[in-house]
Structures are given as structure tokens and as C-alpha cells.
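Residue numbers (the working numbering): 63 to 319. Beta carbons are placed, not taken as given, at the ideal position from N, Cα and C, and that holds for glycine. The structure presented is a predicted model; accordingly, all values stated were derived computationally and were not measured. Working notes, beginning with the structure itself.
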């Protein structure tokens with residue numbers, strides 16, 4: 063393969079964390095809009111299958127690894143239209159008094175440091191496109207605290223502040239900076255990873271909620287955001303299921319039979 067990940071005539075998008083959930087759905091949606099999508103994630107087999115499905119490019123990349131990020135930037139080449147910083151995650155749900163420093167550090171590394179490393183590496187290519195878009199996948203956890211969520215809310219508040227800072231610093235550059243902040247989204251892995259594979263705890267998050275958001279719902283919104291006219295910046299979009307009025311206010315229907 064050449065140093066460029068796609069034909070120069072195609073609009074190109076990079077999606078990190080593309081091996082599952084919102085990332086994989088976003089890759090599919092962007093491909094349907096005509097983008098050549100660079101699917102970046104640690105699990106190479108998954109992204110190779112996805113890239114084959116959508117006509118994209120798979121690049122193994124751990125966003126917390128400077129070497130992996132440098133290799134990603136080299137493969138992307140000199141021009142990039144859209145960067146979706148989706149790689150992230152929540153690990154554990156302990157109160158602050160019982161916090162695992164290791165879990166907190168891991169969350170900050172992937173949700174903040176990884177995002178910064180990828181953005182820094184790909185920014186020249188985004189500027190070179192003349193109308194680049196950086197879209198960071200945040201969370202409603204980046205807006206409000208809740209019990210047991212200290213490490214994740216701290217990391218996602220970091221995602222939000224990095225986004226705001228980038229927008230200020232790039233105000234005179236041809237790059238838009240956006241954030242989407244989803245609320246309750248049911249994906250195959252997010253809650254399961256958070257609770258270290260405990261399916262019962264993962265299922266309890268969504269218990270009684272008939273229609274949480276899906277990865278496709280969020281991907282559809284992301285695709286809309288990055289395909290607005292180049293002078294239109296969607297600073298932030300908070301998206302929740304109808305059943306979730308706020309972090310603590312969720313309509314659940316329980317079967318009492």
C-alpha cells in the first residue's frame with residue numbers, strides 16, 4: 063500500500079475505536095455517504111472485516127501508543143477530511159473512596175491523552191484539506207457527575223474541555239471542531255467492559271428501558287454533523303433516548319407478573 067490510505071479524489075475519514083459499537087456504526091454510515099473510511103482500532107481482525115465490508119482501510123492502532131499513532135498518521139498521508147475520535151471507554155464503577163488509580167489512569171489515557179495524540183498527529187492533514195472536521199465522541203458523563211462514575215466523568219469532562227480548547231485555538235484555521243455527547247446507548251460491549259465482563263451488571267444498566275439509543279442512532283447524528291456545509295460548526299450535540307430525561311431520570315418499565 064502507498065503512504066496514503068485512500069485515493070486522493072475521495073473524501074477520507076478516520077474513525078478510531080472502529081472495531082465495535084459506535085465506531086463501527088460510524089464507519090458504515092460515513093462509507094454510505096461516500097467517504098473512504100480508515101478504520102483504526104486495536105483489534106485488527108475486526109477492522110479488517112469491517113474495512114472489507116465498506117471498502118475502507120484497516121489500520122491497527124492503540125491511540126495511547128505514540129508509535130501506533132505516528133504510523134496511523136503516516137498511512138493516512140497528507141490530506142484528511144474528517145477525524146472521528148471515538149476510541150474511549152469506562153472501566154469500573156467504584157466510589158471515589160474505593161477508586162482504582164489504575165482504572166482512572168487508563169480512562170484518562172484513552173479518553174483524553176489518546177484523543178490529543180491522534181488529533182495532534184492528524185491535524186496537518188485536516189488543515190490541508192481546506193475544510194477539515196474533528197468530531198470528538200464525548201458523553202453526557204462529561205456534563206454532570208453521578209455516583210460511581212468519578213473516573214469516567216472526570217475523563218469525559220476532559221474530552222469536553224479539550225474540544226472547547228481546540229475550537230478556540232483553531233478559530234482561524236479551516237477546521238471545524240465538534241463534540242457529540244450521547245446519553246444511554248446500548249452497545250454490545252460498553253457496559254460489559256465497564257463491569258469487567260459481568261453480564262448481569264451490564265444488563266441492569268438498561269433494565270426496563272424499552273428503547274435506549276443504538277450505535278446506529280449516534281452514528282447517524284455524527285454523520286449529519288460532519289456533513290454540514292463547511293461554514294457550519296455544530297459545537298456540541300447532546301443526544302439521549304426519549305426515556306432518559308437526565309442522568310438520574312430514566313423511565314423504566316418493569317414486568318411485575
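query	result
Following the continuous beta strand (DSSP E) through residue 194, name the residue where it begins and the one where it ends.	194 to 199
Do the CB positions of residue 155 and residue 83 come within less than 8 Å of each other?	no
For residue 175, list the residues DSSP reports as bridge partners.	BP columns for residue 175 are empty, so no partner.
Go through the segment 227 to 303 residue by residue and report every complete run of the beta strand (DSSP E) that reaches 3 residues or more, in order.	237 to 244, 298 to 301
Which first and last residues belong to the beta strand (DSSP E) in which residue 121 is found?	119 to 122
Check this for me: beta carbons of residue 179 and residue 131, under 8 Å apart or not?	yes
Let me confirm a value: residue 134 is counted as buried when at least 16 other C-beta atoms fall within 10 Å, else exposed. Which label applies?	buried
Excluding sequence positions up to five away, which residues of its chain have a Cβ less than 8 Å from the Cβ of residue 302?	202, 244, 245, 246, 275
Can you have a look at residue 69 and say buried or exposed, based on whether 16 or more other CB atoms are within 10 angstroms of its CB?	With a pLDDT of 49 at residue 69, under the threshold of 50, the modelled position of that residue is not reliable, and the figure given next carries that caveat. With fewer than 16 other Cβ atoms within 10 Å, it is exposed.
Please state whether the Cβ-Cβ distance between residue 76 and residue 177 is less than 8 Å.	no
According to DSSP, what are the bridge partners of residue 188?	Answer is none; residue 188 lacks a bridge partner.
What's the C-alpha gap between residue 258 and residue 78?	22 Å
Pairing CB atoms from the segment 118 to 128 with CB atoms from the segment 88 to 105, are three or more of them under 8 Å?	yes
Can you tell me whether residue 222 is helix, strand or coil according to DSSP?	helix
Taking the C-alpha atoms as reference points, what is the distance between residue 235 and residue 220?	23 Å
So, residue 146 versus residue 199, is the Cβ gap smaller than 8 Å?	yes
Check residue 63 in the structure and name its three-state DSSP category.	Because the pLDDT at residue 63 is just 34, under 50, the model does not fix this residue reliably, and the value given afterwards should be weighed accordingly. Correct three-state label for residue 63: coil.
Just verifying my parser: in three-state terms, what is the DSSP assignment at residue 91?	helix
Checking 8 Å against the spacing of the C-beta atoms, do residue 270 and residue 304 come in under that value?	no
Could you pull the start and end residues of the beta strand (DSSP E) that residue 80 belongs to?	Element bounds for residue 80: n/a, residue is neither H nor E.
Assuming residue 133 is part of the alpha helix (DSSP H), what are its boundary residues?	128 to 138
What are the start and end residues of the alpha helix (DSSP H) that includes residue 114?	106 to 116
Along the chain, where does the alpha helix (DSSP H) that runs through residue 163 open and close?	163 to 170
Taking three-plus beta-carbon pairs below 8 Å as touching, is the segment 80 to 97 in contact with the segment 111 to 120?	yes
Return the Cβ separation of residue 284 and residue 242 in integer angstroms, given the expectation that the two are a contact with Cβ distance under 8 Å.	6 Å
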